[in-house]
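For reference, the structure is listed below as structure tokens.
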Amino acid sequence: MESAEGLMERLKLSAAEKKGIRIGASASTRAHSVDPQAIGKVLMEKLVNADGLAQALGRIWCPIKGVLCKRLGENHFLFSFLQALGKRRALEDGPWMFGKDLPVMVDFNEAKSIEEMEFKVIPIWVRVMKLPFGMMNRAQGKQLGGDRRIHGYEGTR
963 MESAEGLMER LKLSAAEKKG IRIGASASTR AHSVDPQAIG KVLMEKLVNA
1013 DGLAQALGRI WCPIKGVLCK RLGENHFLFS FLQALGKRRA LEDGPWMFGK
1063 DLPVMVDFNE AKSIEEMEFK VIPIWVRVMK LPFGMMNRAQ GKQLGGDRRI
1113 HGYEGTR
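With positions in the sequence shown counted from 1, the corresponding number in the working numbering is that position plus 962.
What follows is the structure, encoded as structure tokens:
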């Protein structure tokens, strides 16, 4: 049996085949989508149906036009938002539930692979009852968990 090197030496390519193709930045910019996108991972052991996920969450995120949802792997999905506000809602207004399971959303970054993306942060809303007025300020809010948005009374301290 002839070696692979011997077979390659006898291979005759046409002019177009010899030219080849170059994959680089220009190829990725042509394929870039104009729709806002995000990646989601559903924290569930069973496989999730992409159409069901798009239908359930799309009604909340983009109630008029909906979302497109493409499976990227085991419970990982690429969401394309057909309304401008949909992406912001998906990333900032959660947490979201699909059935009794939690989808974790991250911003789409075309420079990263799915393995490089970290699905470890979800936005939550904390309501503290009977908090003294003197403790209703931005500093106390930051101690509770960051300063994304603080609603209600803003103290002077």
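For each residue, glycine too, the CB sits at the ideal point set by N, CA and C. All values derive from a computational prediction rather than experimental measurement.
- For G1035, the enclosing beta strand (DSSP E) has its first and last residue at 1029-1035.
- Around the Cβ of V996, a 10 Å sphere holds fewer than 16 other Cβ atoms; the residue is exposed.
- C-alpha of L1064 to C-alpha of P1057: approximately 8 angstroms in a straight line.
- C1024 and E971 have their C-alpha atoms roughly 57 angstroms apart.
- Straight across, the Cα-Cα distance linking G982 with P998 is about 33 angstroms.
- Distance from the CA atom of D1013 to the CA atom of N1071, rounded to whole angstroms, is 23 angstroms.
- Looking at the DSSP output, G1002 shares a beta bridge with F1039, M1067.
- For I1076 against L1044, the beta-carbon gap comes to about 22 angstroms, at or over 8 angstroms, which does not count as contact.
- With contacts defined as CB atoms closer than 8 angstroms, F1081 and V1090 fail to qualify as a contacting pair.
- Here I985 is exposed. Its C-beta has fewer than 16 other C-beta atoms within 10 Å.
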